[in-house]
Amino acid sequence: MTERTLVILKPDAVQRKLEYEILKRFARKGLAVVVSKRLMAKEDHLDRHFPNTEEWMMNMGERAVGRWRAQGEDPKKIYGADDPLEIGKMIAAECRLYYQEGPLEAVVLEGENAIALVRKMLGSPLPSQAAKETIRGYFAAPPGPRDHLAARNLIHASDSPKEAEREMAVWFTPEEMAKGGRIVAE
Numbered sequence: 006m007t008e009r010t011l012v013i014l015k016p017d018a019v020q021r022k023l024e025y026e027i028l029k030r031f032a033r034k035g036l037a038v039v040v041s042k043r044l045m046a047k048e049d050h051l052d053r054h055f056p057n058t059e060e061w062m063m064n065m066g067e068r069a070v071g072r073w074r075a076q077g078e079d080p081k082k083i084y085g086a087d088d089p090l091e092i093g094k095m096i097a098a099e100c101r102l103y104y105q106e107g108p109l110e111a112v113v114l115e116g117e118n119a120i121a122l123v124r125k126m127l128g129s130p131l132p133s134q135a136a137k138e139t140i141r142g143y144f145a146a147p148p149g150p151r152d153h154l155a156a157r158n159l160i161h162a163s164d165s166p167k168e169a170e171r172e173m174a175v176w177f178t179p180e181e182m183a184k185g186g187r188i189v190a191e
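Here this note's numbering is used: the first residue of the sequence shown is 6, the next is one more, and so on.
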């Protein structure tokens, strides 16, 4: 089934000039760029892109606590807290800062089973756990001092058709989607 998905090349990917290499990998798998633009993320984009619900923040916090405990680490030593909601709020705040570190590239890709294909090509959201042949495994930089809050993982991709539609509407106007191609952001 032909579908569309949103991909965001995050500021670390743009700063390292990886856009062409990453998009070339998608093209080799039969995915086409429908529309793209480089822009600075504004608060409005982030308010609409991230769920910003307690449930979402709790889920992020619980996953972080679980990962650290599985490694034999005390989350309180890492975050200064052990409450999953409090940790999730810290992670959410850092994600917003990460998206605003510099320009990002928003891209809509189209192709057969685009959503699943892109996510498979990306690899684990934690670059240290991503297989070497994946985009994150191949291109990601070594972990930095704030990666416990938001892993610098280069790229975001929608995880479902519903999410793709919602996210495309955050980053592109209906006119931009209809026009397609490379959009020059204001």
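All residues carry an ideal CB built from backbone N, CA and C; glycine is no exception. As the structure is a computational prediction, the values presented were derived from the model and not from experiment.
*Taking the continuous beta strand (DSSP E) assigned at L11, which residues delimit it?*
7 to 14
*Mind checking which residues open and close the alpha helix (DSSP H) that includes K94?*
Here the alpha helix (DSSP H) through K94 covers 89 to 104.
*Got a sec, what are the start and stop residues for the beta strand (DSSP E) L122 sits in?*
In the DSSP annotation of this structure, L122 is not part of any beta strand (DSSP E); the continuous alpha helix (DSSP H) holding it starts and ends at 119 to 127.
*For E181, collect the residues of the same chain with a Cβ closer than 8 Å to its Cβ; drop the 5 residues on either side in sequence, then sort them by chain order.*
V40, K42, I188
*CB-CB under 7 Å to A119, same chain, minus the five flanking residues each way: which ones, in chain order?*
Only E8, R9, T10, L36 meet the Cβ criterion.
*Curious, which full-length alpha helix (DSSP H) runs of at least 4 residues does the segment 34 to 78 contain?*
48 to 54, 59 to 75
*asked:* On the DSSP bridge list, what partners appear for E110?
replied: L14, R43
*In the DSSP assignment, find the alpha helix (DSSP H) that holds G142 and state where it starts and stops.*
140 to 144
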